[in-house]
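Undergrad: Protein chains in written order, with the numbering used here: chain A, 160 to 397; chain H, 160 to 397. A single structure is presented below for examination.
There are 2 protein chains.
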Amino acid sequence: MKKYQYVAEKIRKRIEDGTYPPKKLIPNQIELAKEFNVSKITVKNALDHLARAGMVYKKSGLGTYVRDVSALVSAHDAPANAFNGLYHDSGAQHVASKVIKFEVSFPDEHVAKNLGIAKNEPVYEIIRLRLLDQKPFILEHTFMPVRLVPDLTNEILHKSIYQYIHHKLHLQFGGAYRKIHAAKASDYDIQYLGAKKDTPMLEIEQVVWLTTGSNIEYSKSRNLYNSRGYTVVDLNES
Amino acid sequence: MKKYQYVAEKIRKRIEDGTYPPKKLIPNQIELAKEFNVSKITVKNALDHLARAGMVYKKSGLGTYVRDVSALVSAHDAPANAFNGLYHDSGAQHVASKVIKFEVSFPDEHVAKNLGIAKNEPVYEIIRLRLLDQKPFILEHTFMPVRLVPDLTNEILHKSIYQYIHHKLHLQFGGAYRKIHAAKASDYDIQYLGAKKDTPMLEIEQVVWLTTGSNIEYSKSRNLYNSRGYTVVDLNES
DNA sequence: TAGTGGTCTAGACCACGAT
DNA sequence: TCGTGGTCTAGACCACTAC
């Protein structure tokens, strides 16, 4: 583990257990550097990571403060951190999947463009209903290049694609562009999620890429308006 | 301007004008350092900023590549950068506001908690209809502590609160927690945004804080499902 | 093996806010 | 003026990838 990660983790724990209470200053960078036997820059690096996660904020000339965790966030209706898939982030709850469609085809222009591949490169088209504690939760419509995710099977789809990508293929997610909007219920939503004709839906359209730079997924995920939201921490870097 | 900002800006421009084309390597950190007469670390700092903005990605052992800008992003239906307000980010389009409610009161428990203030501290309650090219666009319901935004007037509300906060009060936004979800149309949505009873709405609930650490705004903004989305770039920091 | 980006250091200096 | 965090440097060393 890198030093700055170790330091960040230690400080995070102290914030969470109240050793460093909200709105209070934490020790300055020099002191922390001494305590952890690292340089000031390594401490700064660790604090920058925590600041980007919204846990602390810094005032030049004064020090580093612990953020008072917003009521918005503590009401954690949706971690939506999204790189672990649903499999892990839902605590003790049980996640299962029903495979509605699992085919291979050539991508249409829109999919090819979003995956950054040629029109003659085969892609999986997958529609899955994700169930949380046996109840319909999210309907996913996913496209993935076959080349990047070889040997995908129905069995894997019933568990977690992300687990497979991570632990079997040893690929790392680099990031994602996400577009979130509201939508009217579709026939699929009505059939699988129990929506009615006038039930608002939340849709997350995303392109996910690997650390190698290749786009591995283009997908649209939909859920009922009252079953899940999406939370973001947005730092003003200007 | 800081050196790393200058370097980042230069590189960004070269990516945008095609000097550094997508999926290609850019010069390595040492070369860039020489060209700009800065240290390698300063170049790395600049590249890290660009990587967080989703413009480049780096592979240790290989080099730094230009990201192929996703179709999702280039279809820029919603920059939603949100710290300038609507006033500036809409290009040539005309933004106006209709003030529906502008009152001062004590906050209820929910608002007090999200603003991190006492229940006896006065807040503005503001409801504004934002119009884009004379057409109803977004309905904002905002709470702000009076202490942090003194002398707010109806006239300012007709223009831009954010402009006032920035340029008159000289306050800097530090960041925001945002929660995005879909919702059913309310009576307000029907009355002011032209929604029908079954029109899906997109709602962004947010807490905005200053660089001083104080929360300055708690608000909910709603728009018709087909008028605006929200885009995010999400980097996997693990 | 060579070349890349990543981490880390010690130390200098700057910008900022409080006093 | 003092103490804080921010920036920047030169240079060492590591981890990774390709050949």
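Even glycine gets a Cβ: it sits at the ideal position worked out from N, Cα and C. None of these values were measured; they are calculated from a predicted model.
Helix or strand or just coil, what does DSSP make of H:Leu206?
TA: Three-state result, H:Leu206: helix.
Undergrad: Determine the contact status of H:Val125 and H:Ile375, defining contact as a CB-CB distance below 9 Å.
TA: Residue 125 of chain H lies beyond the range of chain H shown here (160 to 397); nothing can be said about it.
Undergrad: Rounding to the nearest angstrom, what Cα-Cα distance links A:Tyr377 and A:Ala354 in this structure?
TA: Their backbone Cα atoms lie some 24 Å apart in a straight line.
Undergrad: Nearest chain A C-beta to H:Thr370 closer than 9 Å, yes or no?
TA: Yes - at least one Cβ of chain A is within 9 Å of the one on H:Thr370.
Undergrad: Can you check whether the C-beta of A:Thr390 is within less than 9 Å of a C-beta belonging to chain H?
TA: True, the Cβ-Cβ gap to chain H drops below 9 Å.
Undergrad: Are at least three pairs of beta-carbons, each pair with one atom in the segment 210-221 of chain H and one in the segment 274-292 of chain H, less than 8 Å apart?
TA: No: the two stretches stay apart, fewer than three of their Cβ pairs being nearer than 8 Å.
Undergrad: Express the C-alpha separation of H:Val197 and H:Lys162 in angstroms, rounding to a whole number.
TA: So the alpha carbons of these two residues sit roughly 8 Å apart.
Undergrad: Taking 9 Å as the threshold (C-beta atoms), are H:Gly372 and A:Tyr179 in contact?
TA: No, these two residues do not count as a Cβ contact at 9 Å.
Undergrad: Going by C-alpha distance, which of H:Val258, H:Arg226, H:Val367 is nearest H:Pro295?
TA: It is H:Val258.
Undergrad: Rounded to whole angstroms, what's the CA-CA distance from H:Gly388 to H:Leu328? Just pull it up for me.
TA: Looking at the two C-alpha atoms, the distance is approximately 30 Å.
Undergrad: Out of H:Thr301, H:Arg381, H:Thr312, H:Glu314, which one is the CA nearest neighbour of H:Gln350?
TA: When each option's Cα is compared against that of H:Gln350, the closest is H:Arg381.
Undergrad: With 9 Å set as the bound, which would you pick, yes or no: does the beta-carbon of A:Pro295 sit closer than that to a beta-carbon of chain H?
TA: So, not an interface residue.
Undergrad: Are there 16 or more other CB atoms within 10 angstroms of the CB of H:Glu299, so buried, or fewer, so exposed?
TA: Buried, since its Cβ has 16 or more Cβ neighbours within 10 Å.
Undergrad: H:Asp248 CB to nearest chain A CB: under 9 Å?
TA: Legend: pLDDT at H:Asp248 = 48, less than 50; position of this residue unreliable, value from coordinates given subsequently. Judged by the 9 Å Cβ criterion, H:Asp248 is not in contact with chain A.
Undergrad: Whose Cβ in chain A lies nearer than 7 Å to the Cβ of H:Ile375?
TA: None at all; the shortest Cβ gap to chain A is about 12 Å.
Undergrad: Determine whether the beta carbon atoms of A:Asn395 and H:Phe332 lie at a separation below 9 Å.
TA: Cβ atoms of A:Asn395 and H:Phe332: closer than 9 Å.
Undergrad: Since A:Met360 meets chain H, which of its residues come closer than 7 Å, beta carbon to beta carbon?
TA: Going along chain H in sequence order, the residues near A:Met360 (Cβ under 7 Å) are Ala341, Pro359.
Undergrad: State yes or no: is the C-beta of A:Leu361 within less than 9 Å of the C-beta of H:Ala335?
TA: Taking 9 Å as the Cβ cut-off, A:Leu361 and H:Ala335 do not qualify as a contacting pair.
Undergrad: On the criterion of 16 or more Cβ atoms from any shown chain inside 10 Å, does A:Thr306 qualify as buried, or is it exposed?
TA: Residue 306 of chain A is actually Arg in this sequence, not Thr. A:Arg306 is exposed by the Cβ-count criterion.
Undergrad: Can you check whether the CB of H:Thr358 is closer than 9 Å to the CB of H:Asp138?
TA: The structure shown has nothing for residue 138 of chain H, since chain H only spans 160 to 397.
Undergrad: Interface residues of chain H around A:Asp227 at Cβ under 7 Å?
TA: Chain H residues near A:Asp227: Gly275.
Undergrad: Roughly how many angstroms lie between the CA atoms of H:Arg226 and A:Asp227, to the nearest whole one?
TA: Rounded to whole angstroms, H:Arg226 to A:Asp227 spans 36 Å at the Cα level.
Undergrad: Going by beta carbon distance, what residues of the same chain come within less than 8 Å of A:Tyr246, once the five residues before and after it are set aside?
TA: Low confidence applies to A:Tyr246: its pLDDT is 49, below 50, so where it sits in the model is not reliable, and the reading given next is rough at best. Correct list, in chain order: Val254, Lys318, Ser319, Tyr321, Gln322.
Undergrad: Can you pull the chain H neighbours of A:Lys278, defined as C-beta to C-beta under 9 Å?
TA: Correct list: empty, because the minimum Cβ distance to chain H is about 14 Å.
Undergrad: Return the residues of the segment 324-338 of chain H that lie within a Cβ-Cβ distance of less than 9 Å from chain A, sorted by chain order.
TA: The segment 324-338 of chain H vs chain A, Cβ under 9 Å: Gln331, Phe332, Gly333, Gly334, Ala335, Tyr336, Arg337, Lys338.
Undergrad: Is A:Leu369 near A:Leu330, with beta carbons less than 9 Å apart?
TA: Their beta carbons are under 9 Å apart, which means A:Leu369 touches A:Leu330 by this criterion.
Undergrad: Among the candidates H:Leu206, H:Leu316, H:Val366, H:Tyr165, whose CA atom is the shortest distance from the CA of H:Leu290?
TA: Of the candidates H:Leu206, H:Leu316, H:Val366, H:Tyr165, the one whose C-alpha sits nearest the C-alpha of H:Leu290 is H:Leu316.
Undergrad: Go to A:Ala335, then tell me how far its beta strand (DSSP E) extends in each direction, as first and last residue.
TA: Run containing A:Ala335: 332-342, per the beta strand (DSSP E) assignment.
Undergrad: Need the endpoints of the beta strand (DSSP E) that H:Leu361 sits in, please.
TA: Looking at the DSSP string, the run of the beta strand (DSSP E) that includes H:Leu361 is 360-369.
Undergrad: Nearest-angstrom Cα distance between H:Ile285 and H:Lys338?
TA: Going from the Cα of H:Ile285 to the Cα of H:Lys338 covers about 20 Å.
Undergrad: Which chain H residues are close to A:Lys218, counting only those with a beta carbon under 8 Å from its beta carbon?
TA: Correct list: Thr370, Thr371, Gly372.
Undergrad: Taking the straight line between their C-alpha atoms, what separation do you get for H:Thr213 and H:Ile276?
TA: The amino acid occupying residue 213 of chain H in the given sequence is Gly; Thr does not appear at that position. The alpha-carbon atoms of H:Gly213 and H:Ile276 are separated by roughly 36 Å.
Undergrad: If you follow the alpha helix (DSSP H) that H:His300 is in, where does it begin and where does it stop?
TA: Careful: H:His300 lies outside any alpha helix (DSSP H), inside the beta strand (DSSP E) at 294-304.
Undergrad: Between which two residues does the alpha helix (DSSP H) containing A:Val270 stretch?
TA: Taken as a continuous stretch (DSSP letters only), the alpha helix (DSSP H) holding A:Val270 covers 268-274.
Undergrad: Can you give me the start and stop residues for the beta strand (DSSP E) that A:Val282 sits inside?
TA: Taken as a continuous stretch (DSSP letters only), the beta strand (DSSP E) holding A:Val282 covers 282-291.
Undergrad: For H:Pro238, would you say it is in contact with chain A, using Cβ-to-Cβ distances shorter than 9 Å as the test?
TA: Only weak support is given to the placement of H:Pro238: the predicted model assigns it a pLDDT of 45, under 50, and the question is left unresolved by the model.
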